Amino acid sequence: MAMNRDEIIENIYEAFSGVKLTSGVSLYRARLYDDYITDSAKHNQTTENEEQSWDSIEDVKIEKYYDSLSFLDSSGFVFYLPAFIVYSMRNIDSDFPVGDYVIYQIKQRLLSEVSGYSLEQKIAVKQFLNYCCNNEEIFDAELALETLDYWDYYL
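Encoded structure:
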């Protein structure tokens, strides 16, 4: 039986509960990398822009930095991924292509970063990908299916 959005969101919260950014790259720092800003003063200010908990990240920040996912390191990606998944599940009518971008980034990072996830996290991400495959009017189902095939291989 297919899971509904609320069940998947709940599983994401449970699976990623307690995940911290620690020394990972923040969205703000990722944007600096993306914009080729090397000013050390700006990089030193990044701690003011770092979140302590992924579930406290506001939608406006995800919308502002959604394209910075590709500049996160492994730790930063594992930290921010649940926030982006939850955003994409709650905001299916958003003008920001967050859901498809998240699917794309999961696929791009699979080969090098799958070991950074717990089994519970892998299962929760798989549930998200399954949902995307079954909702082609909302998500790029073909991309989700390709990603799911890779994800299943590594799960």
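Residue numbers for the sequence shown, in the working numbering: 5 to 159.
Heads up, the beta-carbon is just placed ideally off N, CA and C, and yes, glycines get one too.
Since the model is a prediction, treat every value here as computed from it, not as a measurement.
DSSP state of residue i, grouped into three classes?
i, result
"Thr26", "coil"
"Phe143", "coil"
"Asp97", "coil"
"Phe20", "coil"
"Leu85", "helix"
"Ile110", "helix"
"Asp153", "helix"
"Leu133", "helix"
"Glu62", "coil"
"Asn15", "helix"
"Tyr121", "coil"
Have a look at residue i and residue j and give me their C-alpha separation to the nearest angstrom.
i, j, result
"Tyr91", "Glu124", "20 Å"
"Cys137", "Phe143", "7 Å"
"Glu11", "Tyr105", "22 Å"
"Leu147", "Ile107", "7 Å"
"Gly22", "Ala128", "15 Å"
"Lys111", "Tyr154", "7 Å"
"Trp58", "Phe88", "9 Å"
"Ser60", "Tyr84", "11 Å"
"Gln131", "Thr151", "12 Å"
"Lys68", "Ile13", "22 Å"
"Asn3", "Val102", "Residue 3 lies beyond the range of the chain shown here (5 to 159); nothing can be said about it."
"Ile96", "Gln109", "18 Å"
"Phe81", "Lys65", "15 Å"
"Ala19", "Leu149", "22 Å"
If we cut at 9 Å on Cβ distances, does residue i have a partner in chain D?
i, result
"Ala128", "Looking for chain D here will not work: only one protein chain is present."
Is residue j closer than 9 Å to residue i when the C-beta atoms are compared?
i, j, result
"Ala34", "Tyr135", "no"
Quick check: the stretch 14 to 32 against the stretch 76 to 95, are there 3 or more CB pairs under 8 Å? Yes, the stretch 14 to 32 touches the stretch 76 to 95.
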